[in-house]
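First residue of the sequence shown? That's 41 in the numbering used here, and the numbers climb one at a time after it.
Ideal Cβ positions, reconstructed from N, Cα and C, are used throughout, including at glycine.
The structure appears right after this line, and notes come after that.
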Amino acid sequence: MKIRKTSRILLAVMAAGSLALAACAGGGETTGGETTTGGTGETTTEAAGVDYPNRPFTFMIPYNPGGSTDPVGREFARQLSEVLGVNHVIQNIPGGNETVGLSYVFNAEPDGYTIGLSSATGIITQPLVNDSLSFQTVDDYTPLATVTQAPNAILVRTDAVWENFDEFLEDARQRPGAIRIGSTGTLTNNTFTILAIMEQAGVEFTIVPFSGGAGEATRAVISGEIEAVIPTVPGQLGFVQSGDLRGLAHTGGDEYEAILPGSVALNSIGYTAPFSSDYIVVAAKGLEPAVERILRDAVMAVANSAEWAEWSTNAGFAATPRGDDEARQWVLDTTAGIENAIRLAEALG
Numbered sequence: 041m042k043i044r045k046t047s048r049i050l051l052a053v054m055a056a057g058s059l060a061l062a063a064c065a066g067g068g069e070t071t072g073g074e075t076t077t078g079g080t081g082e083t084t085t086e087a088a089g090v091d092y093p094n095r096p097f098t099f100m101i102p103y104n105p106g107g108s109t110d111p112v113g114r115e116f117a118r119q120l121s122e123v124l125g126v127n128h129v130i131q132n133i134p135g136g137n138e139t140v141g142l143s144y145v146f147n148a149e150p151d152g153y154t155i156g157l158s159s160a161t162g163i164i165t166q167p168l169v170n171d172s173l174s175f176q177t178v179d180d181y182t183p184l185a186t187v188t189q190a191p192n193a194i195l196v197r198t199d200a201v202w203e204n205f206d207e208f209l210e211d212a213r214q215r216p217g218a219i220r221i222g223s224t225g226t227l228t229n230n231t232f233t234i235l236a237i238m239e240q241a242g243v244e245f246t247i248v249p250f251s252g253g254a255g256e257a258t259r260a261v262i263s264g265e266i267e268a269v270i271p272t273v274p275g276q277l278g279f280v281q282s283g284d285l286r287g288l289a290h291t292g293g294d295e296y297e298a299i300l301p302g303s304v305a306l307n308s309i310g311y312t313a314p315f316s317s318d319y320i321v322v323a324a325k326g327l328e329p330a331v332e333r334i335l336r337d338a339v340m341a342v343a344n345s346a347e348w349a350e351w352s353t354n355a356g357f358a359a360t361p362r363g364d365d366e367a368r369q370w371v372l373d374t375t376a377g378i379e380n381a382i383r384l385a386e387a388l389g
């Protein structure tokens with residue numbers, strides 16, 4: 041098994057500096073965030089007998105505007121604002137593979153007014169490789185619910201010789217290391233997926249990390265520099281829709297085949313590869329029980345809604361509502377899978 045390095049992968053996480061981020065209560069764009077008007081959601085507050093929420097909440101997105109994560113956070117916060125009946129403030133806090141933003145959320149007052157979006161990259165992978173982070177396990181924060189999923193998928197050129205995933209694997213068995221698959225780094229979900237397939241199928245690929253991300257790797261497939269790429273689907277779905285690329289396999293559920301026709305769900309054919317980019321809404325540890333219940337119910341109301349499911353599908357995602365114990369179990373199960381994948385990656389050097 042070989043990994044050809046095209047860039048040095050930085051594993052050290054940047055320390056979170058002092059973040060003086062003020063939320064504004066007015067409408068429109070501001071320097072520190074964006075305040076948006078919500079609807080009327082008094083019923084959950086009244087039922088719980090607490091005065092929550094009674095002011096705007098801050099919703100943290102751990103990446104800059106313009107990427108694939110930003111619209112997920114903004115749309116979810118908008119719908120959550122409608123359910124809770126209060127305005128919200130968007131705070132984009134990039135850095136440290138999500139950990140700068142997560143530190144902001146987890147160190148905030150546990151009053152239910154500061155919540156955020158994360159993925160396995162921030163709340164699972166980074167704590168596994170950086171023991172200096174203030175959050176190390178699911179017991180160090182409040183996992184509210186997983187909300188949507190961006191599966192990783194093996195994409196090849198439309199004119200590639202493999203008609204399906206079985207033929208792709210058989211070629212890899214016949215020509216160990218000959219098929220080059222582009223990824224976005226060494227300790228990333230897409231690389232973990234490749235390593236899991238290699239281990240479980242007994243095949244060998246050459247993994248080519250691209251420092252320019254999935255877009256650069258995808259262009260390398262189209263140009264013929266490499267044979268395949270394994271990005272998260274939403275960001276590269278346009279190349280499938282345009283006919284440049286087609287999918288062979290993906291890490292989502294069977295329902296995702298409607299978004300990526302012709303591909304097969306890895307878990308449906310016996311592979312264990314829990315490495316999709318699932319997004320999870322989180323808050324600080326220690327929320328007042330009544331406030332936590334209101335917030336959990338509101339988050340799940342959005343995650344279970346037809347409006348959220350429709351938005352997710354149209355954006356190339358798949359809604360994955362898991363709340364309470366299911367959200368916690370997702371963190372635990374994904375942690376076990378990533379721990380094994382990190383061991384495989386380290387064994388490969």
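* Below 7 Å CB to CB, which residues in the same chain sit around Q176 once its five sequence neighbours on both sides are set aside? => P167
* Cα-Cα separation, S352 to V243 -> 34 Å
* Do the stretch 331 to 340 and the stretch 297 to 316 make contact, defined as three or more Cβ pairs closer than 8 Å? -> no
* To do: Report the option in A160, T198, L235, W348 whose CA atom is closest to the CA atom of N392.
  => As displayed, the chain neither begins before 41 nor continues past 389, which places residue 392 out of reach and without an answer.
* In its own chain, which residues sit with a C-beta less than 6 Å from the C-beta of T154, not counting the 5 before and 5 after it? -> T98, V145, A148
* To do: Report all residues from its chain with a CB closer than 6 Å to the CB of R220; omit the five preceding and five following residues, and keep chain order.
  => T246, V248, I266, E267
* Asked: How about T272 and A385: are their beta carbons less than 9 Å apart?
  -> no
* To do: Provide the residue span of the beta strand (DSSP E) that contains I234, from first to last.
  => Not the beta strand (DSSP E): I234 falls in the alpha helix (DSSP H), residues 229 to 241.
* Asked: Hey, is Y296's beta-carbon within less than 9 Å of any beta-carbon in chain D?
  -> Protein chain content of the structure displayed is limited to a single chain, and chain D is not contained in it.
* To do: Please state whether DSSP places S317 in a helix, a strand or coil.
  => strand
* To do: Please work out which residues of its chain come closer than 7 Å, Cβ to Cβ, to T291, disregarding the five sequence neighbours upstream and downstream, and give them in chain order.
  => P191, N192, T233, L306, A313, F315, S316
* Asked: Since G162 contacts L142 with CB under 8 Å, what's their CB separation in whole angstroms?
  -> 5 Å
* Excluding sequence positions up to five away, which residues of its chain have a Cβ less than 6 Å from the Cβ of L335? -> G152
* Cα separation between V90 and V123? -> 16 Å
* **Cross-strand partners of Q131 (DSSP beta bridge)** => M100
* Collapsed DSSP secondary structure at L173 in the structure displayed -> coil
* Have a look at V371, T226, A289, A257 and flag the residue whose alpha-carbon is nearest the alpha-carbon of G275. => A257
* Which of helix, strand or coil does DSSP assign to N204? -> coil
* Residues bridged to N192 (per DSSP) -> T272
* Asked: How would you write the range of the alpha helix (DSSP H) that R383 sits in, first residue to last?
  -> 364 to 387
* Asked: So, using beta-carbon positions, are V342 and Q119 closer together than 9 Å?
  -> yes
* To do: Can you give me the start and stop residues for the beta strand (DSSP E) that T246 sits inside?
  => 246 to 249
* Could you pull out every residue in the same chain whose Cβ sits closer than 7 Å to the Cβ of E379, ignoring the five residues on either side in sequence? => L168
* To do: Please classify I130: is it buried, with 16 or more other beta-carbons within 10 angstroms of its beta-carbon, or exposed?
  => buried
* Which residues bound the beta strand (DSSP E) around A289? -> 285 to 290
* Asked: Among A241, R197, Y311, R213, which residue has its Cα nearest to the Cα of R259?
  -> R197
* From what residue to what residue does the beta strand (DSSP E) around L157 run? -> 154 to 158
* How big is the Cα-Cα spacing for D199 and E207? -> 14 Å
* Asked: How is G278 classed by DSSP in three states: helix, strand or coil?
  -> helix
* What's the gap between the Cα of G107 and the Cα of G326? -> 31 Å
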